[in-house]
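So the structure is just underneath, and the comments pick up after that.
Structure representation (C-alpha cells):
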C-alpha cells in the first residue's frame with residue numbers, strides 16, 4: 001500500500017514578508033511588522049538622548065530587511081525625528097530636482113530648534129512606565145537653584161523644557177533635586193539598592209529631611225491627580241515646588257516644539 005504523508009508534515013511555513021515601513025511613525029511601523037506575522041520585538045536604532053520614549057514621535061528612516069524580503073531574523077528599524085529622504089527612488093529624484101525657488105521657500109519656513117541656553121544639569125536616573133499614566137520619569141540633578149525666586153524658577157523650567165523636548169513630549173515626569181541621594185532613594189529602580197547600601201534608618205529618617213529643601217520641583221505632564229489617570233486637560237500639567245515641604249502648585253506646561 002502506498003502511503004502519502006500530508007504536505008504540512010514535511011514542510012515548514014514560509015517566513016513572513018517585510019512590509020514597507022520607511023517614513024511611518026515607529027509605533028505604526030512596528031504594528032505592521034507584527035501584522036505580517038513577526039511577533040517578536042524589533043530592534044530600534046537611533047533615538048534621542050534618552051532613547052525612544054514615545055514611539056509615535058519617531059519616524060522610521062531605514063529598515064532591514066528591505067520591503068518585500070523575507071524576515072529571516074530580527075528586523076532593524078533606524079529612527080529619527082525627521083528623515084532626510086524617505087519613500088521611493090522616484091520621490092528622491094523629484095526632491096533632488098526641486099526648483100531653487102521651492103528650496104528657498106522651504107528654508108525660510110523651516111527653522112531649526114533653538115539651542116538650549118539654560119543651566120547645566122545631570123540626568124541621574126530614568127524610569128519608564130511610572131504612575132497611573134505609565135510615563136517616563138526623569139530624575140535631574142542641578143546645583144545652585146532652589147526655586148525661591150522667579151529667576152531660579154525660570155531656570156528650572158528651562159531644564160524641564162529641555163528634558164521634555166529631548167523626550168519629544170510634554171507627557172513626562174521630571175523631578176529636580178539638588179542632592180543625588182534624593183534621586184537614588186526615591187526612584188523606583190534604585191531605592192532598594194539605596195536602602196541596602198545606606199540602611200533603612202537613613203532612608204526613612206534622613207532622606208525626608210534632605211528632601212524638604214533639596215527636592216526643588218516635581219513636574220507631571222498629562223495626569224489628573226484627583227482621578228488618578230491620564231488626562232490632556234490644562235490643569236493636568238503642573239509643577240509642584242518643594243513637593244516634600246510646603247508645596248506650591250503651579251499649572252504649567254513646557255513648550256515642546258511641534259513635530260519634535
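Residue numbers (UniProt numbering): 1 to 260.
Glycine is no exception: its CB is placed at the ideal position from the N, C-alpha and C atoms.
When Cβ pairs closer than 8 Å are counted between the two stretches, the stretch 219-239 is seen not to touch the stretch 201-211, the count staying below three.
Secondary structure remark: continuous beta strand (DSSP E) runs of at least 3 residues inside the stretch 219-256, in chain order: 237-241 and 248-251. If you check the CB distance, residue 28 and residue 42 do not come in under 8 Å. Residue 162 carries a helical assignment under DSSP once its states are collapsed to helix, strand and coil. Look at residue 189 here: in three-state DSSP terms it is coil, with no helix or strand label.
When Cβ pairs closer than 8 Å are counted between the two stretches, the stretch 164-171 is seen not to touch the stretch 145-156, the count staying below three.
In this structure, the alpha-carbon of residue 65 lies about 29 Å from that of residue 128. Membership of residue 212 in the alpha helix (DSSP H) is indicated by the continuous run 207-214. As computed with DSSP, residue 34 is found in no beta bridge at all. Straight through space, the alpha carbons of residue 212 and residue 77 are spaced by roughly 45 Å. Here residue 194 carries a helix assignment [DSSP, helix/strand/coil]. Among the bridge pairs identified by DSSP, residue 63 is matched with 77.
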